[in-house]
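Undergrad:
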Amino acid sequence: MRKIVIAAFVVLALISCKKNEEVKVDAKPVSYAEFGDKITADKAISSEELLEKYKTMKETDTLQVKVASKIVDVCQKKGCWMNLDLGNDESAFVKFKDYGFFMPFNAAGSEVVVNGKAFVELTSIEDLKEYAKDAGKSRAAIDSIVAPEKKYSFMADGVLIKK
Numbered sequence: 000m001r002k003i004v005i006a007a008f009v010v011l012a013l014i015s016c017k018k019n020e021e022v023k024v025d026a027k028p029v030s031y032a033e034f035g036d037k038i039t040a041d042k043a044i045s046s047e048e049l050l051e052k053y054k055t056m057k058e059t060d061t062l063q064v065k066v067a068s069k070i071v072d073v074c075q076k077k078g079c080w081m082n083l084d085l086g087n088d089e090s091a092f093v094k095f096k097d098y099g100f101f102m103p104f105n106a107a108g109s110e111v112v113v114n115g116k117a118f119v120e121l122t123s124i125e126d127l128k129e130y131a132k133d134a135g136k137s138r139a140a141i142d143s144i145v146a147p148e149k150k151y152s153f154m155a156d157g158v159l160i161k162k
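Residue 9 in numbering that gives the first Met the number 0 sits at position 10 of the sequence shown, and the numbers go up by one each step.
#1: Using 8 Å as the threshold, is the C-beta distance between Leu-91 and Lys-65 below it?
#2: Based on the DSSP secondary-structure assignment, which residues constitute the bridge partners of Ala-151?
#3: Out of curiosity, what's the CA-to-CA distance linking Ile-144 and Tyr-151?
#4: Report yes if the CB atom of Ser-46 is closer than 8 Å to the CB atom of Asp-84, and no otherwise.
#5: How long is the line joining the alpha carbons of Ala-182 and Val-113, rounded to whole angstroms?
#6: Is Asp-88 near the ligand FMN - that is, is its Cβ less than 7 Å away from at least one heavy atom of it?
#7: Please classify Val-4: is it buried, with 16 or more other beta-carbons within 10 angstroms of its beta-carbon, or exposed?
#8: Give every residue of the same chain whose Cβ lies closer than 8 Å to the Cβ of Ala-146, excluding the five residues on either side of it in the sequence, and list them in chain order.
#9: Quick test of your reading: Asp-156 and Asp-36, contact by CB under 8 Å. State the CB separation rounded to the nearest angstrom.
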């Protein structure tokens, strides 16, 4: 009996002395270039979640939201608008509140967090042609615009571009 008690004590001692190793992840903080109002990246929804919200919206609806996405393209004249990737070959056309700030011309492909109001609008032929011209589209592409288009739009008050 004594041997069993001593063996149990030794086993318990070895188990209690077992070294618990913690795995430490060396996560570097993400840094952003800031434009417009000061915002943070926390609590941003995904672009796919925003697309689902857009699908249920009418032209008169607006939604205050913060979204994480990727920039598809930027106005090459002034940086006064950009398109965000929503997935499924969909995008959101983003303008900036009161033209208070602009995006860098080379921001296409960058990961961003955008805060503001999402809405659905009908864009006129004239505006569509102007946006195509600003994007540097060909004359043939501009001339091929013959009908207004329902667009997912966004009025941003703050933007973070991942560095």
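Ideal Cβ placement from N, Cα and C applies to all residues, glycine included.
TA: In short, the structure shows the following:
#1: Leu is not the amino acid found at residue 91; the sequence shown has Ala there. No.
#2: It should be pointed out that residue 151 corresponds to Tyr in this sequence rather than to Ala. In DSSP, Tyr-151 forms a bridge with Ala-91, Val-119.
#3: Using only the alpha carbons, I get a separation of about 18 Å.
#4: yes
#5: Residue 182 lies beyond the residue range present for the chain, which begins at 0 and ends at 162; the question has no answer from this structure.
#6: For the ligand FMN, the structure offers nothing, since it holds no ligand at all.
#7: In this prediction, Val-4 scores a pLDDT of 48, lower than 50, which makes its location untrustworthy; the coordinate-derived value is nonetheless stated afterwards. Taking a 10 Å sphere around the C-beta of Val-4, we find fewer than 16 other C-beta atoms and assign the residue as exposed.
#8: Ile-124
#9: 5 Å
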